[in-house]
Amino acid sequence: MLSVAVFLCLLVILVSGLKELIVNPGQDAPLQCQGPRDAEITLLEWNRADLKSDDYVFLYRNQRPYENYQHESFKGRVNLMDPSMKDGNVSVTLRNVKLTDTGTYKCQITTKETESVVHECSISLKVTTSGDC
Ligand SMILES: *[C@@H]1O[C@H](CO)[C@@H](O)[C@H](O)[C@H]1NC(C)=O
């Protein structure tokens, strides 16, 4: 029975073609995204698909994070893994996840050279008590 459930979970992940991350409530979720390595990142936007586009999970602009633009539920819980974003590493950690954090997280990167979005990441986060898929 269990192996059928595992198989179905895998199938869902493969078919959706998304990076899927499954974590338990209270854990930290690493939202990984690799941007361009040799460009100056002027704007970094982490959003969740079901939130309004100006309700950010994390916003970084003019060389600093903007906490004022963060959605209430993410304030104080999101940090860059590498604050210097060395080599285009724009991964963030979402700390102490809750069941309501489940959703599709999208990252958009804008560089100085192009002044438009040059790279996107998409991660499906599932917060669940272990056992279910
Ligand atoms: C980004 O940096 C963090 C912290 O140094 C590291 O753990 C992570 O693996 C890096 N991610 C990528 C995609 O390089």
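Counted the way mature numbering (1 follows the signal peptide of the UniProt record, and there is no 0) counts, the sequence shown spans residues -17 to -1, 1 to 116. We put the beta carbon where it would ideally sit given N, CA and C, even for glycine.
Relative to ligand 1, the beta carbon of Asn7 is positioned no closer than 7 Å to any heavy atom. Annotation for Glu23: Thr94 and Lys95 place their beta carbon closer than 7 Å to its own, counting only its chain and skipping 5 residues before and after. Relative to ligand 1, Ser105 has its C-beta separated by 7 Å or more from all heavy atoms. Across the structure, Val100 and Gln91 are spaced so that their CA atoms are roughly 6 Å apart. Within the segment 23 to 49, the complete beta strand (DSSP E) segments at least 3 residues long are 24 to 31 and 41 to 44, listed from N- to C-terminus.
Ranked by Cα distance from Cys16, the first of Pro8, Glu55, Asp84 and Glu3 is Glu3. When distances are taken from the beta-carbon of Ser67 to the heavy atoms of ligand 1, even the shortest one reaches 7 Å or more. Taken atom to atom, the span from the alpha-carbon of Lys35 to that of Pro19 is near 26 Å. Asp21 has its alpha-carbon roughly 29 Å from the corresponding atom of Asp11. With a threshold of 7 Å, the Cβ atom of Gln10 does not count as near ligand 1, since no heavy atom of the ligand is closer than that.
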